[in-house]
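Here the numbering used here is used: position 55 in the sequence shown is 1331, and no number is missing along the way.
We treat Cβ as the ideally placed atom computed from N, Cα and C, and that holds for glycine.
Only one structure is covered here, and it is reproduced in the block below.
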Amino acid sequence: MSSSAGSSSSAAASKRPSDQELTQTYNTMKSELNQLAQKIGELETETDEHTLVVDTISPLDPERKCFRLVGGVLVERTVKEVLPALKTNQEGIKNVTMQLVQKYKTKEDEFLAFQKKYNIQVKQ
């Protein structure tokens, strides 16, 4: 009986992954979503920090000294040298954040489709 059930279940297994494979795929997809969400949060925090610094030094005299951390080294510059670099970095971070948000939405849609396809319901 087990051999006939095994052969019919192996035919069904080619269409539907085993419960263990479904669980592993579910956990992998969930982990990827969590990692993306964490990275998006980090980048949003960096953007906020850049905004705070830009808002703080913008009204200052362009020839005033300011210090910037570059590669772990504190360097002395002027406001007029640092401000454009900060704004460029801020825009770059915003662009990367937007790309990650799009990637997150795509992964989330794939995750929801996976759950729906295999009728996966999370019980807590």
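In the DSSP assignment, residue 1343 forms a beta bridge with 1352. In the structure shown, residue 1394 adopts coil according to DSSP, grouped into three states. Burial state of residue 1358 is buried, judged by a 10 Å Cβ sphere holding 16 or more other Cβ atoms. In its chain, beyond the 5 residues on either side, 1352 and 1354 have a beta carbon closer than 7 Å to the beta carbon of residue 1341. Counting along the chain, the unbroken alpha helix (DSSP H) around residue 1324 starts and ends at 1295-1333.
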